[in-house]
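Asker:
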Amino acid sequence: MGKNLTTRKEDYSKWYNELVVKADLAENSGVRGCMVIKPYGFAIWEKMQAGLDKMFKETGHENAYFPLFIPKSYLSKEASHVEGFAKECAVVTHYRLKNAEDGSGIIVDPEAKLEEELIVRPTSETIIWDTYRRWIQSYRDLPLLINQWANVVRWEMRTRLFLRTSEFLWQEGHTAHATEKEAIEEAEQMMHVYAEFAENHMAVPVIRGIKTESERFAGAVETYCIEALMQDGKALQAGTSHFLGQNFAKAFDVKFANKEGQKEHVWATSWGVSTRLMGALVMTHSDDNGLVLPPKLAPIQVVIVPIYKGLDQLDVISEKVKPLVKELRAKGISVKFDNRDTHKPGFKFNEYELKGVPVRLAIGQRDLQNGTYEIARRDTLEKETVATDEVVAKIEFLMEDIQKNIYQKAFDYREEHITPVTSYEEFKKVLEEKGGFIAAHWDGTIETEDRIKEETKATIRCIPIDVREEAGSCMVTGKPSSHRVLFAKAY
189 MGKNLTTRKE DYSKWYNELV VKADLAENSG VRGCMVIKPY GFAIWEKMQA GLDKMFKETG
249 HENAYFPLFI PKSYLSKEAS HVEGFAKECA VVTHYRLKNA EDGSGIIVDP EAKLEEELIV
309 RPTSETIIWD TYRRWIQSYR DLPLLINQWA NVVRWEMRTR LFLRTSEFLW QEGHTAHATE
369 KEAIEEAEQM MHVYAEFAEN HMAVPVIRGI KTESERFAGA VETYCIEALM QDGKALQAGT
429 SHFLGQNFAK AFDVKFANKE GQKEHVWATS WGVSTRLMGA LVMTHSDDNG LVLPPKLAPI
489 QVVIVPIYKG LDQLDVISEK VKPLVKELRA KGISVKFDNR DTHKPGFKFN EYELKGVPVR
549 LAIGQRDLQN GTYEIARRDT LEKETVATDE VVAKIEFLME DIQKNIYQKA FDYREEHITP
609 VTSYEEFKKV LEEKGGFIAA HWDGTIETED RIKEETKATI RCIPIDVREE AGSCMVTGKP
669 SSHRVLFAKA Y
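For the sequence shown, the working numbering begins at 189 and goes up steadily by one.
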């Protein structure tokens, strides 16, 4: 199986697009800007879902489902929210088709116009807060901690598989609280949940921070985020959590009776991650040979490839492998014994390398005689021969070691690509020649932020939550600044 991948150095964007398709993660569909997630790609997403869902439930959240369609009037109730999404909304105007009288095909029935247009969900704050008005009456109903796994539509003009598509899969949490303090704590907690998932499951190091006013979610008082750095030096926003204040509660008149019997508006949060995490996974770890997957998210953690001549030899190898497969599965390790006789071992080696399977075992006649397996690890491409009675322990070690190793590699790369600068000229030079995160002083104004974005295409990715107070001067205007912020070009 020839990979024929463009290398990252040649064309990083082309390498990414080819890899997503050739590794069977996803492909473009017949609908502009929408993708088909293939079984192998969806298996990774399912593992992401399972990991996140467990973390959500451990923090007290429950899953529910809300409608795909949102009445247009709902969106107009929160001004900044509708302004933020207006240009991305898909709108349903009619509810019926009919055959054209001239036989030219199917047309929209002009008699079937909706009284009120429906927006295809770009995010669910409005429909959910209309619902919460009925669910929340008293302080006893709070906090309300709800999550939804769903799809959303944002009509993107320039799309790329997983990173930016017109329709994508995600989860969106929406919570209601009795006090401002509780809501802020919730928003911060979910940022940390996302960060822990990214680092412990995806092996992707992230920076936890707060967005600037111009980068906040539409309708939010504060937006918390996790920012990751890809191998091409561009940042990727991997997840966001928003403190919404009482904006949506007031827009939809969601009040509760407090312990003194007085009516108050509730305090709100929303938070979400999407299939964009798949793009982050690919771009953080993968190499010119294909995917590199962390064992915790790999659909197949171990593949066993038999090397044989004739079916008799295959039968002997199959009997030898059976107890190993059974033991690994009993330990919760997913394993595939690839006994297809339609492909040669070399083809299979290439296929599983391309698909990022963490550990590959090969067993042939010599291994049968010697009581050994050849073990290859995907992250370093190193091979070694291991005795049969040591192979399970070796695989268990590799599951942990590969996870740690690819995290450390990504972490080291990120640390090497956080560059402090003092002048705007130095900023531009580092941005073009090195990339990555640039730590610089900024005067706190939207005007300066907009100017930097317009002139360099770099944006303030976040103000890190652990930012160190440091008196300085804005690199552009020279005005006073109390700390540095992180800039980068981003996806």
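Ideal Cβ placement from N, Cα and C applies to all residues, glycine included.
1) Mind checking who residue 215 pairs with in its DSSP beta bridge?
2) Reducing DSSP to helix, strand and coil, say where residue 545 ends up.
3) Quick one: what's residue 285 bridged to in DSSP?
4) With DSSP as the reference, identify every bridge partner of residue 561, one or two as the case may be.
5) Exposed or buried, residue 264, counting other C-beta atoms within 10 Å across all chains shown (16 or more means buried)?
6) Just to confirm my understanding: we take residue 269, look at its own chain, exclude 5 residues before and 5 after, and list those with CB closer than 6 Å. What are they?
7) Pair every Cβ in the stretch 230–249 with every Cβ in the stretch 366–386, then say whether three or more of these pairs are closer than 8 Å.
8) Is the distance from the Cβ of residue 225 to the Cβ of residue 487 below 8 Å?
9) Is residue 365 helix, strand or coil by DSSP?
10) Any idea what DSSP makes of residue 331, helix, strand or coil?
11) Quick check on the burial criterion: 16 or more other C-beta atoms within 10 angstroms. Buried or exposed for residue 400?
12) In angstroms, rounded to a whole number, what distance separates the CA positions of residue 506 and residue 544?
13) Where does residue 314 sit, in a helix, a strand or coil, going by DSSP?
14) Counting Cβ pairs closer than 8 Å, one from the stretch 421–433 and one from the stretch 362–379, do we hit at least three?
15) Skipping 5 residues on each side, what residues in its chain have a beta carbon closer than 6 Å to that of residue 352?
16) Are the beta-carbon atoms of residue 627 and residue 606 separated by less than 8 Å?
17) Let me know if residue 546 comes out buried or exposed under the rule of 16 or more other beta-carbons within 10 Å of its beta-carbon.
18) As a quick exercise: from 251, 297 and 327, pick the residue whose alpha carbon is nearest that of residue 448.
19) To which residues of the same chain is residue 286 closer than 6 Å at the C-beta, ignoring the five residues directly before and after it?
20) Less than 8 Å between the CB atoms is what I'm expecting for residue 334 and residue 363, so what's the real figure, rounded?
21) Measuring CA to CA, which of 484, 559 and 608 is closest to residue 522?
22) Count the other CB atoms within 10 Å of the CB of residue 659; is the residue buried (16 or more) or exposed (fewer)?
23) So for residue 199, helix, strand or coil by DSSP?
Answerer: Walking through what the data contain:
1) 224
2) coil
3) 296
4) 574
5) exposed
6) 406 and 407
7) yes
8) no
9) strand
10) coil
11) buried
12) 24 Å
13) helix
14) yes
15) 344
16) yes
17) buried
18) 327
19) 297
20) 7 Å
21) 484
22) exposed
23) coil
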